[in-house]
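Residue numbers are given in this note's numbering: position 63 of the sequence shown equals residue 71, and the series is strictly consecutive.
All remarks here apply to the structure that follows.
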Amino acid sequence: MGPQVRNWLAKFFSCLLTEHRVPRVWRQAKVIALPKPGKDISLAASYRPISLLSVCFKLLERIILRRIAPTVDAVLSPSQAGFRQGRSTSDQVCALTTFTENGFQQGLKTGAVFVDLMAAFDTVWHTGLLSKASKFLPRWAVDMVAVPAKPSVQSPWVIR
């Protein structure tokens with residue numbers, strides 16, 4: 009995109025952040041079903057839903073993520089892998105395997121507990137999560153997630 013569009017978007021995003029609001033239409037997703045490869049397309053279970061979000065919203069999220077990632081990475085445990093750049097569940101499996109093998113070599117037993125947190129975000133205590141986030145994230149970032157009815161202090165944060 010050209011410089012005029014970038015400048016307009018920067019001003020628009022800065023306005024949204026200052027006012028602690030996001031257009032409602034950006035928070036709506038279009039859900040489509042994609043057929044799973046090699047499955048019977050006449051069965052509902054043979055499809056997986058995906059959500060298509062606003063490109064502008066995804067761009068704003070990426071900008072915010074780049075701004076808060078260093079703060080978040082400094083707070084999280086090094087062993088936390090989910091939703092972090094450069095870390096994956098494969099790393100966690102490798103770490104567990106190495107730990108288990110080292111224990112085996114030393115004649116030790118290893119126990120493991122696996123917790124299925126499917127739909128964890130849907131059931132998390134949002135007020136508690138926001139309270140914890142407000143201890144280390146800038147106020148404007150927490151306000152963007154919480155989307156309060158009235159903005160708190162004006163954000164000095166401007167996108168350049």
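Cβ coordinates follow ideal geometry from the N, Cα and C atoms, glycine included.
Predicted model, so just to flag it, every value in this text is computed and none were measured.
Opposing strand residues paired with residue i [DSSP bridges]
i	result
I58	I40
7 Å Cβ shell around residue i - same chain, five flanking residues per side excluded
i	result
Q114	none
Q100	A89
E109	none
Where residue i falls: helix, strand or coil (DSSP)
i	result
L17	helix
L24	helix
K47	coil
L68	helix
V166	Reliability fails at V166, whose pLDDT of 47 lies under 50, so the model's placement of it is uncertain and no value is given.
R29	coil
Same chain, Cβ closer than 8 Å to residue i, neighbours up to 5 away in sequence not counted
i	result
V150	L138, A141, S142
L73	none
F112	T118
Residues near residue i by beta carbon distance below 6 Å, same chain, minus five either side
i	result
V83	F144
P57	V39, A41
S62	W34
Of the residues the options, the one placed nearest residue i, counting alpha carbons only
i	options	result
A77	C64, L67, F91, K66	F91
W34	K19, A18, M126, S59	S59
A37	S98, F21, C64	C64
A120	T135, V132, A128, A103	A103
L67	S22, I49, S85	S22
P146	L116, D130, V80	V80
W148	S87, H28, R75, V13	H28
- prompt: Fully enclosed by the segment 88-157, which beta strand (DSSP E) runs are 3 residues long or longer?
  reply: Restricting attention to beta strand (DSSP E) runs no shorter than 3 residues, the segment 88-157 encloses none.
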